[in-house]
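Have a look at the structure below, then the notes.
In the numbering used here, the protein residues as written are 189 to 400.
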């Protein structure tokens with residue numbers, strides 16, 4: 189079996205798989221469908237990714253690498269001496285997944301399903317792909333808000349993740365409740381993200397008062 193000729197061909201398969209898993213879910217997405225959408229033979233798909241479990245894992249790893257790399261770049265730019273350090277940390281957590289690095293609707297659906305359904309497969313991948321960056325954000329939260337202990341910082345991270353999942357879901361309920369049209373992608377990455385960063389940062393500062 190010939191190897192893929194270029195890295196872009198591998199990327200094409202992973203992008204196709206990401207889209208197909210998003211639309212159909214893991215169980216309904218078939219290797220034949222993914223291969224057809226990618227414009228490659230099914231045998232070539234099996235040759236390079238072995239089976240659907242492995243392909244799905246590579247899709248999650250690829251996107252996590254992209255998101256986490258951008259998160260780390262933003263974290264490295266946080267000015268911890270600034271009064272807005274906490275907001276900068278939370279923004280570094282929120283922005284990459286909801287922006288271009290997050291892969292748009294396709295990967296957001298996969299990420300949402302992984303966090304909510306929490307199959308053994310997804311739990312293992314979440315641990316592998318996101319626990320390390322979670323520890324980095326917990327440390328950054330403590331650095332930006334040294335008055336809180338590690339337990340509170342971990343709780344704050346968990347609450348921030350819950351807020352992020354709500355943004356990612358973007359099912360239109362918020363817009364329905366406030367009687368407006370659906371947020372555009374631009375509005376979601378600016379107005380909505382600013383609101384949620386302010387909300388999370390305020391909550392973290394309030395946690396500090398519980399420990400005073």
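Just so it is clear, CB atoms sit at the ideal spot from N, CA and C, and this is done for glycine as well.
| Asked | Found |
| --- | --- |
| So, under 8 Å CB-CB, residue 313 and residue 255 are touching, yes? Tell me the CB distance rounded to an integer number of Å. | Not a contact, Cβ separation roughly 13 Å. |
| If you follow the alpha helix (DSSP H) that residue 250 is in, where does it begin and where does it stop? | 240-264 |
| Curious, which full-length alpha helix (DSSP H) runs of at least 4 residues does the segment 333-381 contain? | 338-357 and 361-366 |
| What does the Cβ neighbour count give for residue 275, buried or exposed, with the cut at 16 atoms within 10 Å? | buried |
| Measure the alpha-carbon distance for residue 324 versus residue 361 and round it to whole angstroms. | 32 Å |
| Using CA coordinates, which residue listed in 278, 239 and 257 is at the minimum distance from residue 382? | 278 |
| Taking the Cβ atom as the reference point for each residue, do residue 286 and residue 209 lie within a distance shorter than 8 Å? | no |
| Indicate whether the contact test is met: 3 or more Cβ pairs, each with one atom in the segment 316-323 and one in the segment 230-242, closer than 8 Å. | no |
| What does the alpha-carbon distance come out to for the pair residue 420 and residue 353? | No answer is possible for residue 420: it lies beyond the span of the chain, which begins at 189 and ends at 400. |
| Residue 336 to residue 369, Cα distance in whole Å? | 39 Å |
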